[in-house]
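One structure is given below, encoded as structure tokens.
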Amino acid sequence: MIPLSDPDLHNRRRPIVNIALIVLNAMVFVYTLSLGSDRTLFFYTYGLIPQELTTGKEITRLFTGRSLVDVATALPTWATLFTSMFIHGGLVHFLSNMLYLWIFGDNVEGRMGHMVYLLFYAASGVAAAGTQVLIDPGSQLPMVGASGAIAGVLGAYLFFFPKSRIRTLLWFYVVTVVRVPAVFLLGFWIVLQFWEGLGALGLSAQDGGTAYWAHIGGFAVGALAVVFYRLVRRQPVWHRNRGLGG
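For what it's worth, the numbering used here labels the leading residue of the sequence shown as 15, then goes sequentially.
Right, dumping it as structure tokens:
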């Protein structure tokens with residue numbers, strides 16, 4: 015299932031932060047395409063390497079064969095928790111992440127407000143990366159991509175707009191476009207992440223692939239943030255009868 019669009023939820027705020035995030039991701043992606051053979055060095059320098067974060071030992075030179083001068087940056091290792099969110103490994107990786115952010119991010123920003131949404135997005139990304147590091151602390155491969163932060167957006171969307179009907183491309187014997195309630199679409203998505211994440215637990219740290227536990231961690235933080243906000247304000251955690259807006 016591929017989401018195509020969500021309904022107009024009467025968002026009065028222009029999603030300037032969401033648009034800025036997409037533009038920034040696009041700029042970094044275009045820049046990485048221009049690097050040629052230096053892309054690997056860029057990924058190891060600005061991507062998040064779990065073993066570097068957990069041990070404090072720099073391993074970029076070992077894997078890139080570059081000198082200390084080549085790999086040195088003014089950024090501390092923990093800063094890659096943030097820089098890694100804006101790097102993508104390929105066109106499909108980039109386009110799929112930006113599609114989800116474009117569809118779901120604007121209405122979450124409209125509900126939260128610009129600055130809260132920006133802080134929420136960053137916190138979701140850090141929590142997502144932290145979850146993956148906890149699961150695989152010895153990995154020497156750089157983690158890159160916005161999917162952990164976007165997973166937080168999906169978790170928030172689920173609780174803000176559970177009844178929103180998402181226009182979705184579906185193929186099962188035939189290809190068709192249907193409208194699926196967010197609670198089912200996003201519920202299916204997170205179940206799939208758990209399924210794949212459990213399967214990935216048996217892989218070695220160097221097998222690569224998708225950081226499913228980062229998705230799970232980001233989604234959990236996004237959902238719990240909305241739940242906590244509503245509990246503090248003594249609002250119902252799950253709105254049952256508010257139409258498209260959830």
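Backbone N, C-alpha and C fix where the C-beta goes; we use that ideal spot for every residue, glycine too.
Fill in: DSSP three-state assignment for Ile180, whether helix, strand or coil
strand
Discussion item. Judging by CA-CA distance, which residue of His229, Phe202 and Lys177 is the nearest neighbour of Gly211?
Written reply: His229
Worksheet item: Is the beta carbon of Tyr45 sitting closer than 8 Å to the one on Asn121?
Response: no
Practice prompt. For the alpha helix (DSSP H) containing Pro64, list its first residue and its last residue.
Written response: Pro64 to Thr69
Worksheet entry | Beta-bridge partners of Arg193, as assigned by DSSP | Arg181
Worksheet item: Helix, strand or coil: which one does DSSP assign to Phe43?
Response: helix
Worksheet item: What's the C-alpha gap between Gln146 and Val189?
Response: 34 Å
Worksheet entry | Test item: CB-CB of Asn32 and Met112 under 8 Å | no
Practice prompt. Report the rounded CA-to-CA distance for Phe186 versus Arg193, giving the unit in angstroms.
Written response: 15 Å
Worksheet item: Whose C-beta lies closer than 6 Å to the C-beta of Gly169 among residues of the same chain, with five residues either side of it excluded?
Response: Phe233, Gly236 and Ala237
Worksheet entry | C-beta contact flag for Pro17 and Thr182 at 8 Å | yes
Practice prompt. Flag this pair as touching only if the region 155-163 and the region 94-105 have three or more C-beta atom pairs under 8 Å; answer yes or no.
Written response: yes
Worksheet item: Going by the beta-carbon positions, is the gap between Phe108 and Phe43 smaller than 8 Å?
Response: yes
Item to complete: Mind reading off the beta-carbon distance from Thr94 to Leu49? Whole number of angstroms is fine, and I expect it under 8 Å.
Response: With 8 Å as the limit, Thr94 and Leu49 do not qualify as a contact, their Cβ atoms being about 17 Å apart.
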